[in-house]
Each structure stands twice: as structure tokens, then as C-alpha cells.
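Protein chains in written order, with full-length UniProt numbering: chain A, 1 to 401; chain B, 1 to 338. Below is one structure, written out as C-alpha cells; comments come after it.
The following block contains the structure:
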């Protein structure tokens with residue numbers, strides 16, 4: 001006879017009963033279904049009633065408007081867009097503008113937040129006071145006010161394009177934004193890009209292999225010479241074979257403004273600066289709390305091993321603090337993304353401005369447009385949460401917690 | 001901005017899910033005791049509050065005339081300031097009874113918003129304002145300029161059309177409110193500020209040095225501005241429409257806020273019909289016989305309204321132009337009251 005324990009027969013009915021009805025058994029399931037049916041009925045009534053009344057009042061309804069021409073222009077588009085494109089394209093343009101300001105904002109907020117937190121925790125009196133003052137001032141002022149401040153401050157400080165500040169004659173700063181040379185792809189561009197990608201992938205694989213060797217066999221492999229060769233040598237070789245990957249188009253003052261080159265608009269700068277400094281104040285406090293939550297014995301243990309303060313923080317304290325930091329940090333990332341909708345106050349063309357603002361007013365289809373916009377923000381937030389959850393789970397796992 | 005739109009949208013969804021569409025605006029207004037009037041957030045000459053919070057302007061006077069016709073009291077009004085992009089939702093959701101907010105009459109707005117334009121209070125056209133120091137004399141010299149504009153307006157679309165038609169490049173910076181747009185223009189973010197020409201003159205007064213700025217001669221569009229009401233209530237539509245006609249008719253007949261009582265006593269058959277001593281046109285509208293007398297006493301006739309708010313008697317000093325009466329070379333024309 002086998003020594004394995006016999007598995008109990010599957011009891012699907014029992015499982016369903018337990019999952020749906022809890023302690024009250026089959027009666028509970030009936031109640032659940034009745035409740036779900038009532039909810040469904042209410043939702044159906046709201047939708048059908050709204051539709052009927054929209055029709056009665058001859059208010060256009062449905063999503064057909066997305067195929068109509070928008071007829072207005074947007075001053076920052078990551079994909080090509082003109083006034084004769086559709087409202088659907090406006091939606092994508094606005095969404096990308098929201099995403100780019102959120103991603104850049106999150107990056108800088110995290111960096112500034114960590115730096116400020118380390119300042120506040122520093123034994124240096126001046127540094128810790130500076131960190132404290134930063135946090136107390138920034139987090140106690142309304143963010144809309146800070147956005148307007150940065151926008152008007154940035155604009156007021158900058159000259160008009162004809163008197164713009166020249167940076168070595170290739171980049172120009174004025175109140176129209178920062179104009180930089182634009183790379184234009186040449187014949188060697190595609191092989192260059194392919195080799196660069198290959199280099200990055202190969203370097204990552206090498207790092208993965210080296211870490212496994214270190215953890216499993218205690219073997220140190222020096223990978224940086226090969227990484228250097230992969231990242232710089234390969235692309236350089238392709239340049240020699242295929243010619244220059246791109247040339248630069250220099251901006252030139254023409255009439256009112258610069259022609260040629262790429263431009264970073266001041267609205268984007270003001271919004272990113274305001275959002276990242278504001279959110280950084282909160283992140284600093286979260287990071288500080290996380291680091292303080294690690295027992296100070298860990299710090300002492302680090303110093304007794306002869307590690308410097310920086311190395312102790314980096315190798316011992318911060319990895320443990322991350323477990324505490326990640327969940328509230330997610331909240332701050334979500335806040336930053338949602339606060340980016342304040343862009344409308346300074347004319348940055350984000351989703352709320354161009355889609356829930358201009359498009360709504362041009363089409364009058366408030367219900368559809370607001371629903372789509374809310375759906376998108378919900379989706380962005382859920383994706384951010386999911387990514388952060390995975391990261392948090394990995395941090396906890398690697399600590400064996 | 002976002003919260004306002006959201007609140008209005010929810011109100012719209014809630015309002016629309018109520019069983020029957022509200023088709024008795026006059027009764028609702030009478031029961032409530034005030035008229036709810038959607039106006040701008042501050043455009044001198046059209047609708048703007050003074051330092052005591054009293055609203056004045058052509059658009060405001062249209063609402064005052066409606067309130068006077070209903071209540072015989074032009075102060076029984078609640079003014080709701082609305083941004084360009086929130087205005088239609090506010091009307092659709094029932095937040096306002098009349099939208100009198102320098103709104104351009106277009107076919108898409110007339111047909112797809114569930115609302116109707118009742119007439120034209122002001123014939124306008126879109127223009128451009130620039131700093132004199134730019135030394136620009138024509139809109140055709142604006143290639144590659146940056147242009148500040150308010151979002152959700154016909155202006156924004158005309159701008160795209162005009163630059164495209166003339167093969168010129170431009171950069172648009174769109175703001176949610178008129179004040180933000182003007183502020184960005186003044187801060188030098190853009191070379192050009194564009195809106196309806198009356199609005200340019202009105203906004204120029206808000207600038208620190210109005211004389212440093214000039215309005216270019218080109219008018220690039222037709223902008224007939226008028227009040228809107230919701231679909232589905234013909235009586236209310238008639239009241240707002242004929243209130244404007246009453247103002248124009250009064251000017252045509254020489255009836256002013258000062259002489260209206262004497263005129264009412266004259267034996268002129270047309271005056272008797274209009275001022276309600278003969279016939280019952282006011283009652284057919286759901287108002288009283290002396291509705292025109294009430295209106296003219298409260299706001300004066302169309303000419304008085306124009307002069308006081310945007311014309312010779314105001315800081316804007318805009319010529320009557322297209323807004324003169326039809327028999328004086330303008331377009332203002334009212335069907336007969338008979």
C-alpha cells in the first residue's frame with residue numbers, strides 16, 4: 001500500500017456554499033443572488049433612463065463623436081496630430097501628455113524625496129534643518145498654488161524669444177520654452193538602435209548570471225569590462241560600418257519663434273517641477289518613517305562591521321525599510337498622477353484639458369467623455385498599484401519575510 | 001475645473017434619469033422665486049461683477065429683462081458664473097434656466113446639445129490682439145506666433161482654420177478661463193491673444209498698460225452671440241426669444257426707460273399693442289399684458305442696454321456697427337409684435 005495520504009474527494013458544492021453563503025449556507029447564497037440582481041436592475045434602469053431622456057431632449061449620445069474631426073490644435077503632442085485628426089486621436093494625445101508628466105514627475109519626486117529624507121536623518125545639523133524646512137513649507141501649501149507659482153515664476157524670469165538665453169549657440173531658453181537640437185535619423189539609425197538594444201539585453205543577462213554565480217556558488221565574476229564593450233563598443237562599431245546614426249537639426253530664430261529643433265514647453269516644466277517637489281515632501285516623510293522603523297541596532301551592526309554610514313544605509317537599512325515604504329509610496333505615486341489633472345490651470349494639454357475640457361465643450365457629450373476620462377485615471381492608478389504591489393512582494397520575498 | 005465639470009456631469013446624469021424631462025421652466029422659476037442665469041466668469045461689457053458683487057453687462061441685462069418680465073423685479077436672479085467648457089453641461093443639467101454667456105450660435109451647438117439659441121444679442125467676430133512693440137499690422141504677419149486662447153470655444157477652432165487656410169504655423173496655448181488666458185498673454189507666454197473682438201477690447205482694459213496693445217484689423221469669423229435654453233420647453237423658449245425682440249422693438253419705436261409711461265398713454269395703435277394696453281400678447285406668452293413695459297423699465301431698450309454696457313456710455317466705447325437696428329444699417333431686427 002502506498003504511504004501517501006488519500007486526497008479527499010472534491011466537494012465543489014460545499015466550496016461554493018462556503019464562498020458565497022458564508023456561515024448561513026444555502027440561504028446566504030439566495031440573498032447574495034437577490035442582492036446582485038437588484039444592483040443589476042438599478043444599473044440597467046439608470047442607463048436606459050438616461051439614454052431615453054437624452055434621446056427625448058435631442059442631446060447627441062454614444063461614442064460616434066470619437067470619429068469626428070476635432071478641429072483644434074494642441075501645443076505638445078508626442079504623436080503627430082493636426083486639427084483635422086479625430087477626437088479619438090485627441091484622447092490619445094491627451095493621455096500620452098498625462099502619462100509623460102506623471103512618469104517624469106514620479107521619477108523626480110522619488111529622487112528628491114529620498115535625498116530630502118536622508119538630509120533630515122543626517123547627523124549634520126544644517127542639513128537636517130534644511131530638510132525639515134523643505135518638508136514643512138512645501139507640504140503645507142496647496143499644490144494648485146505651487147503650480148501657478150512655478151508657472152508665473154518661470155515665465156516672469158525668462159526673456160522673450162528674440163532675447164533668448166543661448167547655451168553654446170545650440171540650445172535656447174526663452175519664455176517659449178527650452179529649444180534643443182533635434183536628432184534626425186540617418187541611414188545608420190536602425191542598425192545602431194538594434195545594436196544598442198542587443199547591448200542592453202546582453203548586459204542584463206550577464207548581470208543576472210553573475211548574481212546567480214555569486215549567490216549560489218559564492219563566485220565573484222567581474223562583468224564590467226564586457227558590459228562596457230557591449231554598451232559602447234558594439235554601437236560604435238556599427239557607426240564605423242554603417243555611418244552616423246543621426247544628425248542634429250539646430251534651432252534657428254525665425255520671425256516670432258524658433259524653427260527646427262525640439263522644444264520643451266514651459267507649462268510642462270512648471271507642472272513637473274511643482275508636482276515633483278510637492279510629492280517629494282510627502283515621499284521624504286514616508287522614507288524617513290521607513291528608515292526609522294528599522295531597529296537602530298542594524299545601523300550599529302553595520303558600523304561595527306566597518307561599513308561606512310552610506311554603505312550601511314544602502315546595503316542594510318534601506319532594503320529593510322522598503323517593506324514599510326512601498327505601500328504609502330504607491331499612494332503618493334497615485335496622488336501625483338491624479339494631481340497632474342491640475343494642468344488645466346496653466347494650459348498644459350493633458351487629458352483633462354484637451355479631452356474632458358475642450359473636446360467636451362466642442363461636442364457637449366459630457367457623460368461619455370467624463371466616463372472615459374474617469375476610466376482612464378482608474379486604469380492608470382490600478383496599473384501603478386499592481387506594479388508597486390509586485391515590487392513590494394519582491395522586496396519582502398528577498399528579505400525572507 | 002475638473003470638479004465643477006464632474007459635479008455638473010453627475011447632476012446631468014441624475015437629472016436625466018428622473019422620469020420626465022422638466023418641461024415647465026416658467027413654473028419652476030416662479031415657484032423658486034428666482035431666475036437662474038448662467039453668465040461668464042467676468043467679461044467686462046457682457047457679464048462681470050462690480051466691486052459690490054452686482055453683475056452688469058449685455059448678457060446680464062438679457063437675464064434681468066427676463067426676470068423683470070416674469071417677476072416685475074430685475075433683481076430676482078441668481079447668477080451662476082461658468083467657464084466656457086462647463087457652460088453647456090450646466091444648461092443641460094438644469095443648473096441654469098438661461099445660458100446668457102457670450103456664446104456663439106453654431107449649427108452643432110444648436111442641434112447636438114439639447115438646447116436652442118433664442119436669438120442674437122450681439123453680432124461679433126473673432127480678432128487678434130498683439131503688443132504694439134511687435135510691430136505687426138496684419139494677422140497675416142503672424143506666422144510662427146504663439147497664440148493664447150480659451151479652451152472650449154469656437155475661437156479655438158476658427159484659429160486652427162485661419163492659420164491652416166493661410167498656410168501659417170502657430171503654437172496654441174489653451175487655458176480654461178478668460179482670466180488665465182489674459183494673464184499668460186500679459187506675462188509674455190504668447191505673442192497673440194485671440195477671442196471675439198468685443199472681448200479683445202474688454203480684456204484690453206484689464207491689462208496694466210492698455211495702450212501698449214492693439215487689436216489687429218482682421219475679423220476672421222462670424223460670431224453671433226446669443227442666449228440658450230433647453231430643448232423641450234417651447235413656452236420658455238418663446239419667453240426668452242421675445243424678451244430680446246421686445247428690447248429691439250422698444251428701441252425701434254423710441255420707447256426708453258424714461259418715457260415708457262408716457263408712451264403707454266399715447267393713442268398710437270402699434271405702441272398700444274406693444275405696451276399691452278391693447279391685445280394680450282404677454283398673456284399668450286405666459287406673462288402679463290404689460291410685459292414690455294416691465295422689461296423696458298428694468299433695463300431700458302436694446303440701444304440703452306448696448307450704450308450702457310459696451311457702447312459710447314461705457315469704457316469699451318464700441319461702435320454700434322452690425323448691432324445697429326436694421327433700419328439704421330445694422331442687423332438687429334425683431335419680428336412684429338401683433
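Yeah, the Cβ is synthetic: ideal placement off N, Cα and C, and Gly gets one too.
Inset, instruction - Identify, in the order they occur along the chain, each residue of the same chain with its Cβ nearer than 7 Å to the Cβ of residue 342 of chain A, setting aside the five sequence neighbours on each side. - result: Sequence-distant Cβ neighbours of residue 342 of chain A in its own chain, meaning closer than 7 Å and more than five residues away, are 143, 144, 147.
Legend entry - Alpha carbon of residue 385 of chain A to alpha carbon of residue 177 of chain B, nearest angstrom: 34 Å
Legend entry - Contact under 9 Å by Cβ, residue 185 of chain B with residue 45 of chain B: Contact: no.
Inset, instruction - Decide if residue 66 of chain A is buried, meaning its Cβ has at least 16 other Cβ atoms within 10 Å, or exposed. - result: buried
Inset, instruction - Check the Cβ of residue 345 of chain A against every Cβ in chain B and list those closer than 9 Å, keeping chain order. - result: 1, 175, 176, 177, 180
Inset, instruction - Tell me whether residue 101 of chain B sits in a helix, a strand or coil according to DSSP, three-state version. - result: Under the three-state reduction of DSSP output, residue 101 of chain B falls in the strand class.
Inset, instruction - Round the Cβ separation of residue 332 of chain B and residue 324 of chain B to the nearest angstrom and send it over; I've been treating them as touching at under 8 Å. - result: 7 Å
Legend entry - Chain-order list of residues whose beta-carbon lies under 6 Å from that of residue 79 of chain B (same chain, five-residue window excluded): 37, 39, 55
Legend entry - The alpha helix (DSSP H) enclosing residue 42 of chain A, as first and last residue numbers: 25-56 is the extent of the alpha helix (DSSP H) around residue 42 of chain A.
Legend entry - Where the beta strand (DSSP E) through residue 257 of chain B begins and ends: Residue 257 of chain B -> no beta strand (DSSP E), and no H or E assigned at all.
Legend entry - Local conformation of residue 15 of chain A per DSSP, three classes: helix
Inset, instruction - Inspect the CB distances between the stretch 159-168 of chain B and the stretch 86-98 of chain B and report whether three or more fall short of 8 Å. - result: The answer is no - the stretch 86-98 of chain B does not touch the stretch 159-168 of chain B, with fewer than three Cβ pairs under 8 Å.
Inset, instruction - Indicate whether residue 228 of chain B and residue 158 of chain B have their beta-carbon atoms separated by less than 9 Å. - result: no
Legend entry - Buried or exposed (CB count within 10 angstroms, at least 16 for buried), residue 235 of chain A: Burial call: buried.
Inset, instruction - Kindly indicate if chain B contains any beta-carbon less than 9 Å away from that of residue 310 of chain A. - result: no
Inset, instruction - Please name the residue in B/58, B/162, B/30 whose C-alpha comes closest to that of residue 225 of chain B. - result: Residue B/58 is the option with its Cα nearest to residue 225 of chain B.
Inset, instruction - Just the C-alpha distance for residue 230 of chain B and residue 363 of chain A, rounded to the nearest angstrom, thanks. - result: 16 Å
Legend entry - Collapsed DSSP secondary structure at residue 196 of chain B in the structure displayed: In this structure, residue 196 of chain B counts as strand in the three-state DSSP scheme.
Inset, instruction - Confirm, please, whether the CB-CB distance from residue 103 of chain B to residue 353 of chain A is below 9 Å. - result: No; because the gap between Cβ atoms is not below 9 Å, this pair is not in contact.
Inset, instruction - Identify, in the order they occur along the chain, each residue of the same chain with its Cβ nearer than 6 Å to the Cβ of residue 136 of chain B, setting aside the five sequence neighbours on each side. - result: Excluding sequence neighbours, residue 136 of chain B sits near 130.
Inset, instruction - Flag residue 151 of chain B as yes if its beta-carbon sits less than 9 Å from any beta-carbon of chain A, otherwise no. - result: yes
Inset, instruction - Please confirm if residue 97 of chain A has its CB atom under 9 Å from at least one CB of chain B. - result: no
Inset, instruction - Check the Cβ-Cβ distances between residue 93 of chain A and every residue of chain B, and say whether any is below 9 Å. - result: no
Legend entry - CA nearest to the CA of residue 107 of chain A, picked from A/393, A/278, A/324, A/369: A/278
Legend entry - Buried versus exposed, by CB contacts within 10 Å (16 or more), residue 220 of chain A: exposed
Inset, instruction - Apply the 10 Å Cβ neighbour rule to residue 163 of chain A and answer buried if 16 or more other Cβ atoms are within range, or exposed otherwise. - result: exposed
Inset, instruction - Indicate whether residue 61 of chain A and residue 365 of chain A have their beta-carbon atoms separated by less than 9 Å. - result: Against a cut-off of 9 Å, the Cβ pair of residue 365 of chain A and residue 61 of chain A comes out as a contact.
Inset, instruction - Report yes or no: is there a C-beta of chain B within less than 9 Å of the C-beta of residue 381 of chain A? - result: So, not an interface residue.
Inset, instruction - Would you list, in sequence order, the uninterrupted beta strand (DSSP E) runs of no fewer than 3 residues that lie entirely inside the stretch 63-129 of chain A? - result: Those beta strand (DSSP E) runs which fall completely within the stretch 63-129 of chain A and span 3+ residues do not exist here.
Legend entry - chain A contact for residue 63 of chain B (CB, 9 Å cutoff): no
Inset, instruction - Please classify residue 124 of chain B: does DSSP put it in a helix, a strand, or coil? - result: strand
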